[in-house]
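Novice:
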Amino acid sequence: MALYNLHEDRFFDPNPLIRNVARDIYQTVKDLPIISPHGHVDPQIFVDNKPFPNPTQLFLIPDHYVFRMLYSKGISLEALGIPSVNNTPVETDPKKIWKLFAEKYYLFNGTPSGVWLDYEFNIVFGIKEKLNGENALKIYEELNEKISSPDFLPRTLFEKFRIEVLSTTDAPFDTLDPHKKIKESGWNGKVVPAFRPDGITDLSNQTWKSNVEKLEQIVGYKITSYKKLIQALEERRKFFKEMGATSTDHGVVSAYAHDLGDEEAEKLFQKGLSGTSTQADADAFTAHMLMQMARMSVEDGLVMQIHAGAYRNHNKDVFTKFGADKGADIPTTCEYTKNMQELLNKYGNDSHFTVIVFTMDETNYSRELAPLAGHYPAMKLGPPWWFHDSIEGMTRFRQQVTETAGFYNTVGFIDDTRAFVSIPARHDVARRVDSNYLASLVARHMISMDEALIIAKDLTYNLAKEAYKL
Amino acid sequence: MALYNLHEDRFFDPNPLIRNVARDIYQTVKDLPIISPHGHVDPQIFVDNKPFPNPTQLFLIPDHYVFRMLYSKGISLEALGIPSVNNTPVETDPKKIWKLFAEKYYLFNGTPSGVWLDYEFNIVFGIKEKLNGENALKIYEELNEKISSPDFLPRTLFEKFRIEVLSTTDAPFDTLDPHKKIKESGWNGKVVPAFRPDGITDLSNQTWKSNVEKLEQIVGYKITSYKKLIQALEERRKFFKEMGATSTDHGVVSAYAHDLGDEEAEKLFQKGLSGTSTQADADAFTAHMLMQMARMSVEDGLVMQIHAGAYRNHNKDVFTKFGADKGADIPTTCEYTKNMQELLNKYGNDSHFTVIVFTMDETNYSRELAPLAGHYPAMKLGPPWWFHDSIEGMTRFRQQVTETAGFYNTVGFIDDTRAFVSIPARHDVARRVDSNYLASLVARHMISMDEALIIAKDLTYNLAKEAYKL
Amino acid sequence: MALYNLHEDRFFDPNPLIRNVARDIYQTVKDLPIISPHGHVDPQIFVDNKPFPNPTQLFLIPDHYVFRMLYSKGISLEALGIPSVNNTPVETDPKKIWKLFAEKYYLFNGTPSGVWLDYEFNIVFGIKEKLNGENALKIYEELNEKISSPDFLPRTLFEKFRIEVLSTTDAPFDTLDPHKKIKESGWNGKVVPAFRPDGITDLSNQTWKSNVEKLEQIVGYKITSYKKLIQALEERRKFFKEMGATSTDHGVVSAYAHDLGDEEAEKLFQKGLSGTSTQADADAFTAHMLMQMARMSVEDGLVMQIHAGAYRNHNKDVFTKFGADKGADIPTTCEYTKNMQELLNKYGNDSHFTVIVFTMDETNYSRELAPLAGHYPAMKLGPPWWFHDSIEGMTRFRQQVTETAGFYNTVGFIDDTRAFVSIPARHDVARRVDSNYLASLVARHMISMDEALIIAKDLTYNLAKEAYKL
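Below you can see the structure in the form of structure tokens.
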């Protein structure tokens, strides 16, 4: 039986000359409030404020970081109870699924998912033993009991986690009813939306047509032209802002931005409506819409985020059976220097505009992103994203970015998670890794301890708050 | 005079909190048997079991890792006695060549070749002084004497090295006579073949036509159609399996796999036969044959290996005079996310199929390979290959792969060498680097010592054995 | 008030087992003379040998590494007094500009610019406090006083810095009058030119036509044909050699080299003259001229440098107002394996020819550059360049290059600076980082201390001197 021992010095360099400094820096930031300016938590859980159904539903089913690893070792998604979209029958017994998960829990050794889960089990839920096949059901029961208690309701956890603000991600046609209800409920938790129009700006999206129809319904008029589309998006951005949104988000394969002119844009939009647009049309339209989104951000002040490089739904079989976001999005090479030139030339010299750029291709860090962010007033670098939101990934980011862009062209940590309970775990890792990085600069006499403490607070709290205007 | 001192803590992090743990982990794996599931040792040496001719023939001539470095510093391949293929006269005095090598031995400082050679000289052959221009001939004589003794015959070394199984690499038209003879000899050493059909599947290979003729000879019928080619390859795979093969290997510039359909494949094959195929034809045919090879692996259970990214025979002058494998293969950019999608979509969800992927482009590790292997049940990552089979290279591999793919989507260490005597040296480096990596996780409180010991044994022994079905 | 404390162990690994060795190695190289074989210092300052005008003109205005960071945080180039090229009015009060700089000096924490400036302020000029908004003007005055004294005249600093040779970078049509005058002055400082023909070989250069006219003027005949162009360039190389040049330099986006043949080259040159050449024409002509430059180097012995990968003048607005070299050059992906094959096949086996290759794309290090340099006798690797001339950047270079290319296919450190006073700061960083890297090899028992000391001296002094034939 392996008892948990989440060591107070975990992730720090074991060299005492670094570790002791890291420890001191970490002490000053570990309890700062959490700014979560971008993520995918379902806001409805704070409306309902009901207990999570069971451990399997809480930890495994919504977390494609976790179940993809089990899938890679030959456990079917059916056996894991992942809800299918085509009536494929899947396992429904949460304990049976939990057992499978527990037996393979050793697969997460050395991974950030393992690190986060250990934190959640041990620190959030007080589990004493590390999960394995033998203690699986015992721990399931322990977790289940906790989950059912009022101490672990979503709002209670939100407060316990010291979340100052949590941003969700929402489609332009979303009503934002949960956000409204949270506000009206009198609860003090700040949950704001973010405007993510991918389903509308990507003509090749499988549900594009119905997305446009949903948008028509919510704006109350037909979107028969590109001009009407722009009008609708501008109106919805206005509404999102009123509902507390401070940012937009754009998930694209390529960061290519290029203004086609209204006439050409209209032509492509009509091809979309008539169902005749090609992938090249869709790519061109996306590039055009990135320019439009930047223009609108200059006008309405919403911070623009670009998440590029994910090749979505790589595994067609999994997509057909289980839909999107099932651990089968695979990174692909990214380019920013040429792709973003038009956007940055048109809007990047405006220091009132903010575009925060993310990549899944780490080669961009030192080659393109740090030099661009180290020059253009509008551009800032998002933290390491997705697979790179990890101890080594964050360390590489700081090592490859800081010398060219400094600390102040980055925006602090963003958890970007749909697993609510993992939020404090993820921020804790980021705070530890940043403390350790700063400690390594102090120990190598590159910055003073006073400077490190200022930077640590900025990385943990101030930069995200300022960059996202929160 | 510099005496060898191969320190027991070599390659370990000097921080005692890591080093001492690394030492403890290493102690538990250093004497495990060697699984060598992929390599290029000539099996005939175990048939003959005769003394190696001389130190120059043993250490220098077959090792393009070594002589390319001397060539890069202005020593001609003629002077190094590399056998020419076009009657260019080359140096034949092994001592003269050895002297040149010894004088430049300092060039290998900080390189894995230097590390391996030091191990071979000092630990395998008991040489006390580090090689240099002055002691060159003395050490030559010492080595020569050892080589001639029965203690250093190939079979004796095989056993002394504790090799449990050694795989060679063989063309489909190879008779596998040496493998047969080894079996029949009554010697217990396990030497198995691997099926590498590049010479047949690559229409642009300079000897393609004669390779097909060799294949015709061995299957006993004319290969006049694509269908016949497939038949012949299937028959040979069957024979290889009977001879102990458990794997195939595919050396390709690009990992692109795409099914052309039988009709188009036939067309390209006929162009090959008539000598009219273009490079584009050859690339398309290779992509098609990768799909066929995956299909056959699904059917016959042979593990499929893809080694992509080597631009072969970059230096035409060297190729004309000395042929292939002369240190002039240069890595080029690789892509897997898009290139392998068709193959992985068709066969990658089958957990009975295994495809092990290697790259010469380290940017693929975190961007493509770890996410693919961390999702598809069939896909596993080969260890760092060729230039990256090095202390820093292996460390980067673990740091960039583990957090996304974990340890259990990798397959342990593979030496991939044609230098037989370097095998224990290479495995020792890998065991040290993995022990050190695990120790760094223990020292940073990410895994426990118990976990590290289990993983260490898996990385050293179990994973290769299981992945290659040995 | 933060007093400077440039610690004697700065940048060294804090682990005493590495740090103490690094310290010992560094002691043996820190005072070696500086070889500066490539850079952009204006030679006229050594002709005039007058005091630098003021701190703002000395530290900020010529250093685009520095002012781009301020620009990225919203301070306009106008406010920073960067001279405009289109009559945009800019700030002229050096103290006002200095204040802005000082207030944002914390932005350079963790960057090489910060490291260099700290050295310049503290070690070269004896400033005791770290610069900030409050002490800005006090430090300005202190610096101004020093600058005006004879102890800080350019020639005095040159000697104090122990510069053995300094290379400038010059256009083919430059008269090299400053170099002549320095020689004639009787002063012993060795300042040599380098031949950089980009303005002539790049048809797409905005001033190409007038550059050709300048070349006509200096050779004394009309350049109406490609043949005449080649003649003119050969003559000017000859003259540069007579003036002490030992190298040429080629700044290109891509390292692609390809011989077009005289006829095609003539056709493109005529298109250039008639102002009808396209970007594709310009790219082809550049590729052709790289082959010609290599040929000439084989003939006249000038060492060839290729600096590839900078996408120049990315920000059109900044280019229009302030011209080139304003911190808006952004790296882009580079390729060498295929691009340099023709050049290396034709000239790379000639060990009397030297081509030194630089990149702004770090992915080339282990994938292409180290393997190429580790094979071709003519090719050597330039040190990490521009954004990568940094503590982490140099460390990555050694870690990614050494195992494949060894130390002896690299050429030591090159400062490549236009900021004269930063030269000793930059060389000091390089000496420290190399000492630390070697110490890490010693501490991991990979090389002996004796070997480390030899290599350290080679990296610091001998390799640059030999590679550049100085």
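Residue numbers (the working numbering), protein chains in the order written: chain A, 456 to 925; chain B, 456 to 925; chain C, 456 to 925. Even for Gly, the Cβ is constructed at its ideal location relative to N, Cα and C.
Within the continuous alpha helix (DSSP H) that includes B/S568, where are the two ends?
Specialist: It spans P567 to Y574 - the alpha helix (DSSP H) in which B/S568 sits, taken as one unbroken run.
Novice: On the criterion of 16 or more Cβ atoms from any shown chain inside 10 Å, does A/P498 qualify as buried, or is it exposed?
Specialist: Burial call: buried.
Novice: Determine the contact status of A/D844 and A/P567, defining contact as a CB-CB distance below 9 Å.
Specialist: Against a cut-off of 9 Å, the Cβ pair of A/P567 and A/D844 comes out as a contact.
Novice: Are the beta-carbon atoms belonging to C/R873 and A/H830 less than 9 Å from one another?
Specialist: No, the pair does not count as a contact, with Cβ atoms beyond the cut-off.
Novice: Suppose contacts are defined by Cβ-Cβ distances below 9 Å. Is A/L918 in contact with A/T865 by that definition?
Specialist: Yes; because the gap between Cβ atoms is below 9 Å, this pair is in contact.
Novice: Strictly below 9 Å CB to CB, what residues from chain B border A/M849?
Specialist: Within chain B, no residue comes near A/M849; the closest Cβ sits about 10 Å away, beyond 9 Å.
Novice: Okay, do the stretch 880-890 of chain B and the stretch 845-862 of chain B touch, 3+ Cβ pairs below 8 Å being the bar?
Specialist: Output reads yes: the stretch 845-862 of chain B touches the stretch 880-890 of chain B.
Novice: Taking all protein chains shown into account, decide if B/Q734 is buried (16 or more other Cβ within 10 angstroms of its Cβ) or exposed.
Specialist: Counting Cβ neighbours within 10 Å, B/Q734 comes out exposed, since fewer than 16 surround it.
Novice: If you reduce the DSSP assignment to three classes, tell me which class A/M698 lands in.
Specialist: It is coil, neither helix nor strand.
Novice: Does any C-beta atom of chain B lie closer than 9 Å to the C-beta of A/E823?
Specialist: Not one chain B Cβ lies under 9 Å of A/E823.
Novice: Between C/H762, C/A712, C/Q760 and C/A783, which lies nearest to C/K771 when the distance is taken from Cα to Cα?
Specialist: With distances taken between Cα atoms, C/K771 lies closest to C/A783.
Novice: Three-state secondary structure (DSSP) at A/S491?
Specialist: The answer is strand: DSSP assigns A/S491 an E or B state.
Novice: With a threshold of 16 other CB atoms inside 10 Å of the CB of B/D518, please say whether the residue is buried or exposed.
Specialist: By the neighbour-count rule (16 or more Cβ atoms within 10 Å), B/D518 is buried.
Novice: Would the stretch 773-791 of chain C and the stretch 801-811 of chain C be scored as touching if the rule is three or more Cβ pairs under 8 Å?
Specialist: Short answer: they don't touch.
Novice: If the cut-off is 9 Å on Cβ atoms, which residues from the stretch 849-869 of chain C count as contacting chain B, listed in chain order?
Specialist: Answer set for the stretch 849-869 of chain C: R853, Q854, Q855, T857, E858, T859, A860, G861, F862, Y863 and N864.
Novice: Give me the residue from B/G641, B/P609, B/A898 and B/N891 with the minimum Cα distance to B/R478.
Specialist: For the residues B/G641, B/P609, B/A898 and B/N891, the minimum Cα distance to B/R478 belongs to B/N891.
Novice: Tell me which residue opens and which closes the beta strand (DSSP E) that C/A763 is part of.
Specialist: C/A763 -> beta strand (DSSP E) spans V758 to A763.
Novice: In the structure shown, what three-state DSSP assignment does B/M834 receive?
Specialist: Correct three-state label for B/M834: strand.
Novice: Does any residue of chain A have a CB that is nearer than 9 Å to the CB of C/R465?
Specialist: So yes, C/R465 belongs to the interface.
Novice: With DSSP collapsed to three states, give me the class of B/I785.
Specialist: Strand, per DSSP.
Novice: Would you say C/M947 reaches chain B, if we count a Cβ-Cβ gap shorter than 9 Å as a contact?
Specialist: A query on residue 947 of chain C cannot be resolved here, the shown segment of chain C reaching from 456 to 925 and no further.
Novice: Measure the beta-carbon distance from C/V674 to C/E690 and round it to whole angstroms, keeping in mind my assumption that it falls under 8 Å.
Specialist: About 6 Å; that satisfies the 8 Å criterion.
Novice: Quick one, which of A/L715, A/G536, A/T611 and A/Y560 has its alpha-carbon nearest A/K550's?
Specialist: Checking every option, the nearest Cα to that of A/K550 belongs to A/G536.
Novice: Excluding the five sequence neighbours on either side, which residues of its own chain have a C-beta within less than 6 Å of the C-beta of C/Y681, listed in chain order?
Specialist: Closer than 6 Å at Cβ, skipping near neighbours: A720, E721 and F724.
Novice: A/Q747 to A/D714, Cα distance in whole Å?
Specialist: Near 8 Å, if we compare the C-alpha coordinates of A/D714 and A/Q747.
Novice: Please confirm if A/S527 has its CB atom under 9 Å from at least one CB of chain B.
Specialist: Chain B contact via Cβ: present.
Novice: For C/K554 and C/L592, which I take to be in contact (beta-carbon distance under 8 Å), what is that distance rounded to the nearest angstrom?
Specialist: With 8 Å as the limit, C/K554 and C/L592 qualify as a contact, their Cβ atoms being about 7 Å apart.
Novice: At which residues does the beta strand (DSSP E) containing C/T814 begin and terminate?
Specialist: Run containing C/T814: V810 to T814, per the beta strand (DSSP E) assignment.
Novice: The alpha helix (DSSP H) with C/E619 in it runs from where to where?
Specialist: Run containing C/E619: none in the alpha helix (DSSP H); it sits in the beta strand (DSSP E), I618 to S622.
Novice: Checking contacts by CB at 9 Å: is A/N794 closer than that to chain B?
Specialist: Not one chain B Cβ lies under 9 Å of A/N794.
Novice: According to DSSP, simplified to helix, strand and coil, what is C/F724?
Specialist: Reduced to three states, the DSSP call for C/F724 is helix.
Novice: DSSP state of C/F466, grouped into three classes?
Specialist: Correct three-state label for C/F466: coil.
Novice: Would B/L461 pass as an interface residue toward chain C - the criterion being a Cβ-Cβ separation below 9 Å?
Specialist: Yes, contact with chain C.
Novice: So if I threshold CB-CB distances at 7 Å, which residues from the stretch 660-685 of chain C count as touching chain A?
Specialist: Residues passing the 7 Å Cβ filter: none.
Novice: What three-state label does DSSP hand B/Y766 in the structure shown?
Specialist: Looking at B/Y766 - three-state DSSP - the assignment turns out to be strand.
Novice: Mind pulling the chain B residues with CB within less than 8 Å of C/H830?
Specialist: Neighbours of C/H830 on chain B, chain order: R523, Y526, S527, H769, N770, G782, A783 and I785.
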